[in-house]
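Trainee: Below is a structure I'd like to ask you about.
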Amino acid sequence: MRAIQITEFGGPEVLHEAELPDPVPGPGEVLVEVDHAGINYADTHAVEDSYLSRTELPLVPGGEIVGRTGDGRRLVALLPRNGGYAQRAAATEALAHEVPDEVTDGQALALIVQGVTAWHLLRTCARLVPGESVVVHAAAGGTGSLAVQLAKSYGAGRVIATASNERKRDLALELGADIAIDAAPEDLEERLVEANGGHKVDIVLEMTGGPVFDASLAALARFGRLITYGLASRVPPTPVAPASLMAHSRTVTGFWLAHCLRRPGMFREPLGELLGMTVKGDLTPRVGGVYPLSRAADAHTDLRARRTWGKLVLDVRQ
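Numbered per the numbering used here, the sequence shown spans residues 1252 to 1569.
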């Protein structure tokens, strides 16, 4: 089968097309003929071995697939051991969900990691109360574009989006954000407070790290919650002193979807809810780019350069 494989760690340049044997499903697994694979920012970390979990070589990247089983079922699946950038993949039944006919492949791929992550950021971690203000960084991205919509659906009083350019800010407004501001870290604290009518904010969903994390924490109101779920800048933030959290009754919470996969009710159930919302038209996952399998390196290059928006997808059939 055709696949993208890496045999050394690095940037997009280490992604190469290869001919590999078909995977052999183990107990509780099913072989899926892959039509499309999802691309996540986490994939760029896996390729350079800078993710939370260590990567072993050789590696076929990719944790999200949608395709059909031998008995004709159309499934979207999360692959805990990667392997998605390929024509076939062995998927764990417990981490797979049938896709309604009304949902496209790209929409299903947008929901399985980024959608479920956005759900948990707001529901499990932030415990959003109707009327609270929510800051969504990278609001035009895969997770951010869904978090904006879900925050409004769950009753947020004001959704403040940040994005790196005007086109992305316009998209965030189209998705329901009340205001969209520049994501640059300089004077970000002041801009967040100004965007919230001069008041500090209740919730921040943050995945950049570095000075963006620092400014977001400083912009939190009393009893505010900052949820960190990524380090896209690859720059660590300033260490947080417990006394500074106590002084303002602020909370910093980390989130990693992998911790939900073996806990009852924390993966398939939110995914099912999101698929249902998409069928009803209450949620609109956006696909920002479809690349042929052979151009996986280009997709990673564009993603790391912040040239993309929405969900990125590999067409494995091309």
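Every residue, glycine too, gets a C-beta built ideally from N, C-alpha and C.
What number of angstroms, rounded off, separates the C-alpha of residue 1407 from the C-alpha of residue 1454?
Mentor: Taking the sequence shown and counting its residues from 1, one reaches residue 1407 at position 156. Taking the sequence shown and counting its residues from 1, one reaches residue 1454 at position 203. Each residue's Cα considered, the two are about 10 Å apart.
Trainee: Within a Cβ cutoff of 7 Å, which residues of the same chain sit near residue 1265, ignoring the five residues on either side of it in sequence?
Mentor: The residue given as residue 1265 occupies position 14 in the sequence shown. Result list for residue 1265: 1257, 1259, 1298, in chain order.
Trainee: Buried or exposed: where does residue 1518 fall if 16 or more other Cβ atoms within 10 Å of its Cβ makes it buried?
Mentor: Here residue 1518 refers to the residue found at position 267 when the sequence shown is read from its first residue. Burial call: buried.
Trainee: Tell me which residues share the same chain as residue 1367 and place their Cβ nearer than 8 Å to its Cβ, disregarding the 5 neighbours each side in the sequence.
Mentor: The sequence position of residue 1367 within the sequence shown is 116, counting from 1. Taken in chain order, the residues that qualify are 1508, 1511, 1518, 1521, 1522, 1525.
Trainee: Considering only residues of the same chain and omitting the five flanking positions on each side of residue 1483, which have a CB-CB separation below 8 Å?
Mentor: For the purposes of this step, residue 1483 is taken as residue 232 along the sequence shown, with counting starting at 1. So the qualifying residues of the chain are 1292, 1389, 1458, 1459, 1460.
Trainee: Please report the residue range of the alpha helix (DSSP H) in which residue 1562 lies.
Mentor: Residue mapping note: residue 1562 aligns to position 311 of the sequence shown, counting from 1. That residue, residue 1562, is in no alpha helix (DSSP H); its beta strand (DSSP E) goes 1562-1566.
Trainee: Do residue 1405 and residue 1373 have their CB atoms nearer than 8 Å?
Mentor: Reading the sequence shown from its first residue, position 154 is the one you call residue 1405. Reading the sequence shown from its first residue, position 122 is the one you call residue 1373. Cβ distance < 8 Å, so residue 1405 and residue 1373 count as in contact.
Trainee: In terms of alpha-carbon separation, which member of 1290, 1320, 1318, 1336 lies closest to residue 1310?
Mentor: Along the sequence shown, read from residue 1 onward, the residue named residue 1310 stands at position 59. Cα-wise, what sits closest to residue 1310 is 1336.
Trainee: Report yes if the C-beta distance between residue 1387 and residue 1395 is below 8 Å; otherwise report no.
Mentor: Walking along the sequence shown from the start, residue 1387 turns up at place 136. Walking along the sequence shown from the start, residue 1395 turns up at place 144. Closer than 8 Å, so yes.
Trainee: Would you tell me roughly how many angstroms separate the C-alpha atoms of residue 1356 and residue 1347, rounded to the nearest one?
Mentor: Looking up residue 1356 in the sequence shown gives position 105. Looking up residue 1347 in the sequence shown gives position 96. Taking the straight line joining both Cα atoms gives about 14 Å.
Trainee: Would you mind reading off the limits of the beta strand (DSSP E) that contains residue 1542?
Mentor: In the sequence shown, counting from the first residue as 1, residue 1542 sits at position 291. Residues 1538-1543.
Trainee: Return the CA-CA distance between residue 1542 and residue 1287, expressed in angstroms with no decimal places.
Mentor: For this step, residue 1542 is matched to residue 291 along the sequence shown. For this step, residue 1287 is matched to residue 36 along the sequence shown. Taking the straight line joining both Cα atoms gives about 10 Å.
Trainee: Determine the direct distance from the alpha carbon of residue 1334 to that of residue 1304, and round the result to whole angstroms.
Mentor: Within the sequence shown, residue 1304 is the residue found at index 53, counting from 1. Within the sequence shown, residue 1334 is the residue found at index 83, counting from 1. Straight-line Cα distance between these residues: approximately 15 Å.
Trainee: So residue 1444 is in the beta strand (DSSP E); what residue range does that whole segment cover?
Mentor: Position 193 of the sequence shown, counting from 1, holds the residue named residue 1444. Run containing residue 1444: none in the beta strand (DSSP E); it sits in the alpha helix (DSSP H), 1439-1446.
Trainee: Which term fits residue 1359, buried or exposed, when burial requires 16 or more other beta carbons within 10 angstroms of its beta carbon?
Mentor: For the purposes of this step, residue 1359 is taken as the residue at position 108 of the sequence shown. Classification for residue 1359: buried.
Trainee: Have a look at residue 1400 and residue 1536 and give me their C-alpha separation to the nearest angstrom.
Mentor: Within the sequence shown, the letter at position 149 stands for residue 1400. Within the sequence shown, the letter at position 285 stands for residue 1536. So the alpha carbons of these two residues sit roughly 9 Å apart.
Trainee: Run through DSSP, which three-state label would residue 1325 get?
Mentor: Along the sequence shown, read from residue 1 onward, the residue named residue 1325 stands at position 74. Strand, per DSSP.
Trainee: By how many angstroms is the C-alpha of residue 1530 removed from the C-alpha of residue 1428?
Mentor: Position 177 of the sequence shown holds residue 1428. Position 279 of the sequence shown holds residue 1530. Those two C-alpha atoms are separated by around 22 Å.
Trainee: Residue 1284 by DSSP, collapsed to three states: which one?
Mentor: The count along the sequence shown starts at 1 and reaches residue 1284 at position 33. Strand.
Trainee: For the alpha helix (DSSP H) containing residue 1350, list its first residue and its last residue.
Mentor: Indexing the sequence shown from 1 puts residue 1350 at position 99. That residue, residue 1350, is in no alpha helix (DSSP H); it is neither H nor E in DSSP.
Trainee: Roughly how many whole angstroms lie between the Cα atoms of residue 1345 and residue 1307?
Mentor: Position 94 of the sequence shown, counted from the start, is the residue given in the question as residue 1345. Position 56 of the sequence shown, counted from the start, is the residue given in the question as residue 1307. Their backbone Cα atoms lie some 24 Å apart in a straight line.
Trainee: Which residue's Cα is closest to the Cα of residue 1325: 1351, 1445, 1552?
Mentor: By one-based count along the sequence shown, residue 1325 stands at place 74. Of the candidates 1351, 1445, 1552, the one whose C-alpha sits nearest the C-alpha of residue 1325 is 1351.
Trainee: Could you check the C-alpha separation between residue 1486 and residue 1314 for me, to the nearest Å?
Mentor: If you number the sequence shown from 1, residue 1486 lands on position 235. If you number the sequence shown from 1, residue 1314 lands on position 63. C-alpha separation (whole angstroms): 24 Å.
Trainee: What is the DSSP secondary structure of residue 1557, reduced to helix, strand or coil?
Mentor: As a first step, residue 1557 must be located in the sequence shown, where it is residue number 306. Looking at residue 1557 - three-state DSSP - the assignment turns out to be coil, as it is neither helix nor strand.
Trainee: So, at 8 Å on beta carbons, what are the nonlocal neighbours of residue 1273 in its own chain, with the 5 sequence-adjacent residues on each side left out?
Mentor: Residue numbering aside, residue 1273 sits at position 22 when the sequence shown is read from its first letter. For residue 1273, where only same-chain residues beyond five positions count, the Cβ hits under 8 Å are 1252, 1282, 1339.
Trainee: Which whole-angstrom value describes the C-beta separation of residue 1385 and residue 1410, a residue pair presumed to lie in contact below a C-beta threshold of 8 Å?
Mentor: Your numbering for residue 1385 matches position 134 in the sequence shown. Your numbering for residue 1410 matches position 159 in the sequence shown. Rounded, the Cβ-Cβ distance is 5 Å, consistent with contact.
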